[in-house]
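Novice:
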Amino acid sequence: LGAQDNLEFSVSEKKAIARQLDQAKQRFEVGLIAITGVHEAQARFDQARADELAAENLLDNAIEAMVQITGEYVDTLAILKREIPLNNPEPSSLEAWADTALVNNPILLSAQYDTEIAKKQIDFQSAGHWPSLDLVGSYGVARSDTDFSPGTNDSDTGTIGLQLNIPLYSGGGVNAATRQAVAQHEASKDVLEEQRRSVRAQVRNAYRGVQSSISRVNALEATQVSANSALEATEAGFEVGTRTLVDVLNSQSDLFAAKRDLARSRYDYILNTLRLFQASGSLDESDVALVNTWLGEEKSIKP
């Protein structure tokens, strides 16, 4: 969706610059501006065309990445609504999210299980020094045939008992295996601690990312309004000769930059929210369904 927005902004900006280029050529022909204004507008148009091609390439790459995940091509995508709820994380405590992650994060749980298994492996390997008591048994049939009564002297025999094995010396194999198990347990504890630090960092980054995204969206909404007003004022000044064509082109560039930044910040808010749920181990279908409610009408995308 972000790549699609970026392409649409690039196309709109190129069209706006194209209009300025046409006006610049007309004004130059009647002697209202110098040739430098035409050259500046032409340079901006060429750059906008290059930016559009780059945006098309990014969209193609994004589509291919989506196909790798979903396994199918799509012709349309539901676009993000203009208004979406911007909610701070709940609970509002960063430590509460971190504590939840230490209990529920699946990667961390896997590392904990690995550590527990490695610890049990120490006991298993060191058991080679211990006496063992086994239950043993056997069963057989003895047959003694005669010429007069074949098969009549069959007898069943069975034994059952306990067998005690006391290893007087089991060699260095058990010691070596035990040392290896201890080393593996220590390594698994290091991995577990590293995962704990990593999960805490993921939670902190996502939590603060949600908060900063909200602030940035609010600020950029105001910036976009200001940039639009500035462009209108600059265009009016250009008409009466108090502003130059370069000023108009710069104001246009500022407006489209604000639009791009605002769109990117809205997507950042969504991604940081999902990352927070994921890092804390609480991400489920209801969270994805919630994000889907923020999507509106479907629009065609580049095939």
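Just so it is clear: in the sequence shown, position 124 is 294 by the numbering used here, and no numbers are missing. For glycine and all other residues, C-beta sits at the position ideal for the given N, C-alpha and C. Just so it is clear, the structure is predicted and the values come from calculations on it, not from any experiment.
1. What separation, rounded to the nearest whole angstrom, lies between the Cα atoms of GLU222 and HIS209?
2. Mind checking whether ILE277 and HIS355 have CB atoms under 9 Å apart?
3. With 16 other CB atoms within 10 Å as the buried threshold, where does ASP216 fall?
4. Enumerate in chain order the residues of its own chain whose CB-to-CB distance from GLN174 is below 7 Å, with the five nearest sequence positions on each side excluded.
5. Hey, quick one: how far does the alpha helix (DSSP H) through THR246 stretch, first residue to last?
6. Can you list, in chain order, the residues of its chain with a C-beta nearer than 7 Å to that of LEU256? Leave out the 5 residues immediately preceding and following it.
7. Return the residue from the list GLY328, ARG214, VAL273, LEU362 that minimises the CA-CA distance to THR285.
8. Return the chain-ordered list of same chain residues with a C-beta closer than 7 Å to the C-beta of ILE203, the five sequence neighbours on each side being excluded.
9. Short check: CB of ASN474 to CB of SER456, under 9 Å?
10. Determine the extent of the alpha helix (DSSP H) in which LEU278 is found, giving its start and end residues.
11. Go through its chain and collect everything with a Cβ distance to SER180's Cβ below 6 Å, but skip five positions before and after it.
12. Report the rounded CA-to-CA distance for LYS184 versus GLU178, giving the unit in angstroms.
13. Between THR327 and GLY307, is the Cβ-Cβ spacing less than 9 Å?
14. Looking only at its own chain, which residues have a Cβ that is under 6 Å from the Cβ of PRO473, when we skip the five neighbours before and after it?
15. Please report the residue range of the beta strand (DSSP E) in which SER470 lies.
16. Can you check the stretch 367-448 for any beta strand (DSSP E) of at least 3 residues that lies completely inside it and give the ranges in chain order?
17. Would a C-beta distance cut-off of 9 Å place ALA428 and ALA459 closer than the cut-off?
Specialist: A quick look at the data gives this:
1. Looking at the two C-alpha atoms, the distance is approximately 20 Å.
2. no
3. Answer is exposed; the Cβ neighbour count stays below 16.
4. LEU229, LEU247, ILE471
5. Premise fails: THR246 lies in the beta strand (DSSP E), 246-250, not in any alpha helix (DSSP H).
6. ILE384, VAL387, TYR439
7. Comparing alpha carbon positions, the residue from GLY328, ARG214, VAL273, LEU362 closest to THR285 is LEU362.
8. ALA194, ARG197, LEU415
9. Nothing about residue 474 can be read from this structure; the chain reaches only from 171 to 473.
10. 276-296
11. ASP221, GLU222, ALA225
12. 10 Å
13. no
14. Confidence at PRO473 is low in this model, with a pLDDT of 46, below 50, so the placement of that residue is unreliable and no value is reported for it.
15. 465-470
16. none
17. No, these two residues do not count as a Cβ contact at 9 Å.
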